[in-house]
Amino acid sequence: MQRVAQDWLILSLTGNVAWVGLTVSLQLAPMLVFGLWGGVVADRFDKRRLLMITQSLIALSALVLGTLTLLGAIEPWHVLAAAAFTGLAIVIDNPARQAFVPEVAGHQHLRNAISINSTVFQIGALVGPALAAVGIALVGEGWSFIVNAMAGVTAVVLLVMMRASELSAAPAIARTRGQLREGLRYVGEKPAILWSTVLVGFVAITGINLATVLAAYADDVFDIGSAGYGLLNSCLAAGAVAGALASTRRRSLRLRTLVYTSGVLGVLLMVAGVIAWLPLFCVVLVAVGATSLLYLTGGNTLVQTSVTATMRGRVMALYILVLFGAQAGSGTLIGWLAHEFGAHLAMIVSGAGPLLGAVVVGTVLARKGRLTTRLILRDRPGRGVLYVVPRDSVPAASASLTPGLLSRGLRDRSRSTHPAERRRRRQSRVVPGRTHTRQHTDRSWTRTGRRPR
């Protein structure tokens with residue numbers, strides 16, 4: 116909510132969309148500088164106490180902005196300073212919050228908890244802007260900040276009320292040198308984490324930073340004001356809800372599914388960029404919201420279920436650094452494009468990142484044979500639970516597999532998928548007691564499977 120309220124406030128104060136992009140960049144820039152260290156802090160200290168501190172700071176920032184706005188004393192530099200201050204708090208808040216989920220849910224419910232947390236987080240990211248836009252239209256920006264501050268205080272109260280003795284707290288790591296490098300090395304050794312992080316970088320560069328573009332559409336293209344801005348964000352939120360319902364019914368998640376979803380998201384954004392009719396534009400925004408949530412939820416779930424407890428903070432810090440930090444560089448660019456060349460071109464450029472990521476990462480993974488990495492999200496009769504099974508990680512996951520599934524998966528994955536290799540295997544396959552006549556000019560194979568000389 117605060118993000119949209121401050122974006123619309125800075126646009127109202129300056130009348131320049133580029134200032135909106137600058138505000139977004141200032142809020143996300145701390146991720147680029149301190150993001151990885153936030154994960155180290157999350158692994159070293161009690162995550163519940165860290166969240167109490169960060170949520171209090173975020174609520175304080177919203178309260179100050181709301182008070183200044185209601186008093187009529189707000190200036191553009193106030194908004195920029197509050198955005199940077201909030202960004203510093205988020206550096207620790209995001210990895211600590213993601214790593215805190217397993218402590219609340221416990222190992223038994225970890226998979227479902229991660230999926231629900233990812234869905235709620237992404238819905239909040241899309242529904243929150245819609246609520247903020249509606250609040251701006253009804254009561255103004257000031258009260259939207261106050262409501263966000265109250266939400267932060269509520270979060271702190273709930274954290275205080277938790278019984279720490281019932282949490283499945285992960286062991287805190289001792290303070291030693293090289294912990295940051297250790298986390299980066301760990302990510303490099305886990306293909307599911309590595310390629311999910313690389314792909315989300317392409318998506319985040321241009322495909323998620325829609326607040327700036329939608330503000331330009333509401334103000335310049337459709338001339339519908341703050342109420343129309345709320346309508347556009349509401350369409351994204353409606354799509355997010357639909358995507359959430361679809362994600363709960365997802366039985367399996369493959370790495371290649373993330374690649375396909377990224378490509379679909381890029382195409383939808385480009386299609387939206389050539390639409391000048393408001394009703395059709397809203398329909399496409401619903402599809403964009405659903406696809407965005409499916410992608411972000413799937414990526415978060417795949418990464419979180421692939422990491423060990425002692426590395427979770429650092430791994431999630433890197434993932435969040437790429438996800439949100441990449442938007443810092445694109446915020447100003449997209450805002451400048453919207454201001455200089457129009458919102459249509461800015462929206463088309465927004466779709467270029469996800470589409471390019473799908474092509475590049477998909478091509479690399481296909482060459483490396485990594486598109487077989489898979490995550491089973493539900494238990495089904497006669498099937499085991501397979502968390503992440505790239506080729507080099509199957510032995511570590513063998514304890515959670517149904518007997519026979521591991522060997523079958525290894526056998527299937529180890530076979531070459533090249534057409535010539537498959538043809539050679541078919542030609543050499545022999546079943547005792549049968550006469551084989553497959554694709555040979557001499558079809559008189561004997562029972563021994565040997566061709567006559």
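Here our numbering is used: the first residue of the sequence shown is 116, the next is one more, and so on. All C-beta atoms, glycine included, are put in the ideal place defined by N, C-alpha and C.
In this structure, DSSP gives Leu-282 a state outside helix and strand, which the three-state scheme calls coil. Membership of Asn-348 in the alpha helix (DSSP H) is indicated by the continuous run 340-363. Shortest Cα-Cα distance from Gly-267 to any of Val-403, Leu-172, Pro-306, Ile-189 involves Leu-172. Judged by DSSP in its simplified three-state form, Arg-290 adopts coil rather than helix or strand. For Leu-325, the secondary structure class from DSSP, reduced to helix, strand or coil, is coil. Less than 8 Å separates the beta-carbon of Val-430 from that of Tyr-301. Contact annotation, Ile-320 with Ala-441: C-beta distance approximately 5 Å; criterion of less than 8 Å satisfied.
Contact check between the stretch 417-431 and the stretch 136-149: fewer than three CB pairs, one atom from each, fall below 8 Å, which does not count as touching. Counting along the chain, His-224 sits inside no alpha helix (DSSP H), nor does DSSP assign it H or E at all. Distance from Ala-333 to Gly-343 at the Cβ level is roughly 5 Å; contact confirmed, criterion being Cβ atoms closer than 8 Å. Take the alpha-carbon of Thr-129 and the one of Pro-191: they are about 7 Å apart. Distance from the CA of Ala-264 to the CA of Ser-349, rounded to the nearest whole angstrom, comes to 22 Å. Bounds of the alpha helix (DSSP H) holding Ala-270 are 256-276. Taking C-beta separations shorter than 6 Å and ignoring five residues to either side along the sequence, the partners of Gln-294 in its chain run Val-155, following chain order. In this structure Gly-468 is not in contact with Phe-260, their Cβ atoms being roughly 31 Å apart against a cut-off of 8 Å.
Separation of Asp-338 and Leu-329 (C-alpha to C-alpha, rounded to the nearest whole angstrom) is 11 Å. Rounded to whole angstroms, Val-398 and Val-475 show a C-alpha spacing of 29 Å.
In the DSSP assignment, Asn-415 falls within the unbroken alpha helix (DSSP H) covering 393-419. If you draw a 10 Å sphere on the C-beta of Gly-298, you find 16 or more other C-beta atoms in it, and that means buried. For Gly-381, the three-state secondary structure derived from DSSP is helix. A distance below 8 Å separates the beta carbons of Ser-176 and Phe-200.
Taking C-beta separations shorter than 7 Å and ignoring five residues to either side along the sequence, the partners of Val-386 in its chain run Val-399, following chain order. In the displayed model, Asp-161 falls within coil according to three-state DSSP, outside both helix and strand. Along the length of the stretch 418-479, whole beta strand (DSSP E) runs at least 3 residues long do not occur. With the rule of 3 Cβ pairs closer than 8 Å, the stretch 402-418 does not count as touching the stretch 278-287.
Within its own chain, the residues whose Cβ lies closer than 6 Å to the Cβ of Gln-170, once the five positions on either side in sequence are excluded, are Gly-267, Ala-270, Val-271, listed in chain order.
If you compare the alpha carbons of Ala-453, Leu-314, Leu-347 with that of Leu-417, the shortest gap goes to Leu-314. Secondary structure note for Val-119: its alpha helix (DSSP H) is the uninterrupted segment 117-129. Here DSSP, grouped into helix, strand and coil, assigns Glu-304 to helix. The residue among Ala-285, Leu-180, Arg-164 with its C-alpha nearest the C-alpha of Ala-220 is Ala-285.
Listed in chain order, the non-local C-beta contacts of Ala-361 below 8 Å within the same chain comprise Ala-405, Leu-409, local neighbours out to five positions each way being set aside. DSSP places Ala-196 within a helical segment (H, G or I) once states are collapsed to three. Looking at Ala-481, Gln-419, Ala-461, Pro-217, the one whose alpha-carbon comes closest to that of Val-389 is Ala-461.
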